[in-house]
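Data block below; observations after.
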Amino acid sequence: MATLPDFTFYYSPGACSQAVRLALHELSIPFKSVNTRRDANHKIEAADGSLTAEEYRDQVHHKNYVPGFVITFPDGHKESITETPAILSYLASIRPEKGLAGKTELEKAKVLSWIVYFAGELHGIGWGAFIAPKRFVDVSDKRLEEGVKEGGLRNIKAAYEHLEKQLQKSGGEWIVGDSVTLADVYSYVLYWWGVKHDLGMEKYERYTEIVKKLDARESAKKTLQEEELPAHFQ
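So the sequence shown is numbered by UniProt numbering: it starts at 1 and just counts up by one.
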């Protein structure tokens with residue numbers, strides 16, 4: 001097996017970056033993780049002091065978000081990857097035998113479709129609007145702020161309902177195919193955001209079943225332990 005580059009993963013506990021950590025553990029890929037925090041200007045910096053917010057923006061993520069993923073090659077050259085679907089797809093390509101991107105060409109297309117949907121529809125214009133309306137409007141106008149949050153919540157619920165409907169329709173063990181894929185991995189953290197905000201996630205029965213199965217896997221146990229988060233299902 002070829003020697004892998006060094007991987008440095010920048011995260012925030014319980015954020016969308018959790019999907020990357022879960023994928024790394026599913027694939028048994030070694031990595032270094034660096035927690036982040038907000039500086040006085042509410043910009044992301046490395047919590048261990050290794051990168052200021054400006055350095056993080058210049059070297060890791062141009063939008064100053066997580067996840068950030070830096071690849072250091074044997075010759076010292078570095079590359080960064082941003083956006084959760086891109087990072088997940090890259091990681092799956094390193095261990096193709098694991099099938100995390102899907103086993104067949106059709107499965108690969110379906111997995112890609114789901115992770116892009118999660119990133120754009122559910123995370124971006126769903127949770128992004130609900131949690132951070134200032135990304136969309138001037139929140140000094142409370143009417144506008146509330147309107148964006150309400151729209152975000154509608155998008156969130158519609159996305160969960162769409163996923164549940166498709167799971168009920170397919171009757172499969174996982175979101176795509178008969179084994180864990182990136183679609184399941186990404187859906188894991190998005191489920192817990194719904195729990196955190198009291199959205200009654202148990203009504204999405206098939207989705208809940210999948211998350212419970214993921215929760216029992218060593219990859220999820222390691223992920224929660226490393227992010228110092230409690231076990232979800234007792």
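Even glycine gets a Cβ: it sits at the ideal position worked out from N, Cα and C. Since the structure is predicted, the reported quantities are computational estimates derived from the model, not experimental observations.
Counting along the chain, S89 sits inside the alpha helix (DSSP H) bounded by residues T84 to I94. Here the segment 140-153 does not lie against the segment 164-172, with fewer than 3 beta-carbon pairs under 8 Å apart. Shown here for V185: same chain residues with a beta carbon closer than 6 Å to its own, the five before and five after excluded, namely A19, L22 and A23 in chain order.
Counting the other Cβ atoms within 10 Å of the Cβ of P30 gives fewer than 16, which makes it exposed. Going by C-alpha positions, D198 is about 27 Å away from D138. Excluding residues up to 5 positions away in sequence, I156, A159 and L190 lie with their Cβ nearer than 7 Å to the Cβ of L122 in the same chain. DSSP places N41 outside any alpha helix (DSSP H), giving it a letter other than H or E.
Shortest Cα-Cα distance from E161 to any of T104, M201 and N64 involves M201.
Counting only unbroken stretches of 4 or more residues, the alpha helix (DSSP H) elements lying wholly within the UniProt domain "GST C-terminal" (104-233) are 105-117, 128-131, 142-170, 182-196, 205-215 and 218-226, in sequence order.
In terms of CA proximity to E173, K213 leads the group K213, E146, A53 and V60.
For P230, the closest of I71, P5 and G14 by C-alpha to C-alpha distance is G14.
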